[in-house]
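Below is one structure, written out as structure tokens; the observations come after it.
Numbering (full-length UniProt numbering), first residue to last: 1 to 403.
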């Protein structure tokens, strides 16, 4: 057990702090931790984390852990050498040339090859109340909620995903349901910008986090299996590829599975996907492939969603299906249900409430307008982000974090 001095939160034996000599199962290629004896001497209950990361110049741009100290004690014991070799092999497996696509993977043959027509327009600096990121298609402002097609190919095997939060960042950004054209903005609570806390050993979000366009979790409908209503948002997506995305990026992804988070008595689906252009995409075709090629990622995902609100004084979140990640087929059923709910919303069959349904492309929508009817957007401002409080980088150690 690790007991940080002066902290009321404890880290006990968990998925990320196993017994000595057993490697931790963590998402790849995120930082990898194992425990080895401290050189302070025998009989002392002190351990140090052995950290393995990809080079900062690598494709993923892995950031350092939030600690201000970059020094890490390394063990040279035979046990830790075996662990290190095993972890190196796992990283190599992730980075290996999966570029030789599996001939049995139909999605890999259907990858979009054209440059994306979508670009972003930034207003004000990041980490400010005024910051907005608008999406444009061929220079014309569109709604990421309503105007970007859900499916990127005719077979409906490749989907468009809008990145709201790049991996390893903390700002809680989301598509604004209430504002005209639904720009991406930072969530606000009691007049202050919201940031997720770092629950050890995680740094920010574990994935490129975002939403499927043209989907909606209907708050008027109770799901028959989760026994909870929808959360009134577009369907959430966790993209697990190796490249860090950017705010407003439209990625083409394929679906692998889905988890059902129960957040404050609402169903909050989390769809697991991978960018079709990722080196591992051809090998990941269903949920069991994720555990095979990225061991520990699904468990870490479950843990992250369960505990991420605890540092803010909220209780642990719960999951339907005892936390199981349902397979690709089930996930596609959830996506279709949420697409049908969005269709009822955008066509006026379901009252919109406070949701802005203004769009420029949906022909059957009474809220459709022509582009020249829209007010002009502010000019693009590529400004440096405002500094945030150093406390956002703090690590929180949660007792009993892992089941």
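Every residue gets a Cβ at the ideal spot worked out from N, C-alpha and C, and that includes glycine.
Check the DSSP bridge columns for residue i and list the partner residues they point to.
i: residue 209; result: 165, 238
i: residue 396; result: 199
i: residue 261; result: 268, 319
i: residue 222; result: 229
i: residue 380; result: Its beta-bridge partners do not exist; DSSP assigns none.
i: residue 355; result: In the DSSP output, where bridge partners are listed per residue, residue 355 has none listed.
How far does the alpha helix (DSSP H) with residue i in it reach, from first residue to last?
i: residue 405; result: A question about residue 405 goes unanswered here, because the residues of the chain that appear run from 1 up to 403.
i: residue 185; result: Careful: residue 185 lies outside any alpha helix (DSSP H), inside the beta strand (DSSP E) at 184 to 186.
i: residue 178; result: Premise fails: residue 178 is in no alpha helix (DSSP H) and is neither H nor E.
i: residue 289; result: 287 to 293
Given that a residue counts as buried once 16 or more other Cβ atoms are within 10 Å of its Cβ, and exposed if not, what is residue i?
i: residue 352; result: exposed
i: residue 398; result: buried
i: residue 302; result: buried
i: residue 129; result: exposed
i: residue 246; result: exposed
i: residue 387; result: exposed
i: residue 178; result: exposed
i: residue 372; result: exposed
i: residue 378; result: exposed
i: residue 390; result: exposed
i: residue 322; result: exposed
Within a Cβ cutoff of 6 Å, which residues of the same chain sit near residue i, ignoring the five residues on either side of it in sequence?
i: residue 197; result: 311, 396
i: residue 187; result: 172, 174, 194
i: residue 272; result: 238, 256, 257
i: residue 210; result: 161, 162, 163, 164, 237
For residue i, collect the residues of the same chain with a Cβ closer than 8 Å to its Cβ; drop the 5 residues on either side in sequence, then sort them by chain order.
i: residue 149; result: 160, 213, 214
i: residue 182; result: 143, 144, 145, 146, 175, 176, 356
i: residue 103; result: Here the model assigns residue 103 a pLDDT of 44, short of 50, so the residue's position is not dependable and the matter cannot be decided.
i: residue 370; result: 360
i: residue 341; result: 215, 216, 217, 218, 221, 230, 350
With respect to the beta strand (DSSP E) encompassing residue i, which residues constitute its N-terminal and C-terminal limits?
i: residue 404; result: No statement about residue 404 is possible, as the shown extent of the chain runs from 1 to 403 and does not include it.
i: residue 274; result: 266 to 275
i: residue 334; result: Run containing residue 334: none in the beta strand (DSSP E); it sits in the alpha helix (DSSP H), 328 to 346.
i: residue 121; result: 118 to 123
Using a Cβ-Cβ cut-off of 8 Å, state whether residue i counts as contacting chain D.
i: residue 117; result: Any reference to chain D falls outside this structure, which holds one protein chain only.
Within its chain, find whatever has a CB closer than 7 Å to the CB of residue i; leave out the 5 residues flanking it on each side and keep chain order.
i: residue 122; result: 133, 380, 381, 382
i: residue 267; result: 217, 223, 226, 228, 229, 230, 231, 260
Would you check whether the ligand MN has a heavy atom nearer than 7 Å to the C-beta of residue i?
i: residue 212; result: Among the components of this structure there are no ligands whatsoever, and the ligand MN is therefore not found.
Exercise. Just checking, does the stretch 328 to 339 make contact with the stretch 236 to 256 on the three C-beta pairs under 8 Å criterion?
Worked result: Touching, per the Cβ criterion.
Exercise. Is the stretch 203 to 217 touching the stretch 277 to 295, taking contact as three or more C-beta pairs under 8 Å?
Worked result: no
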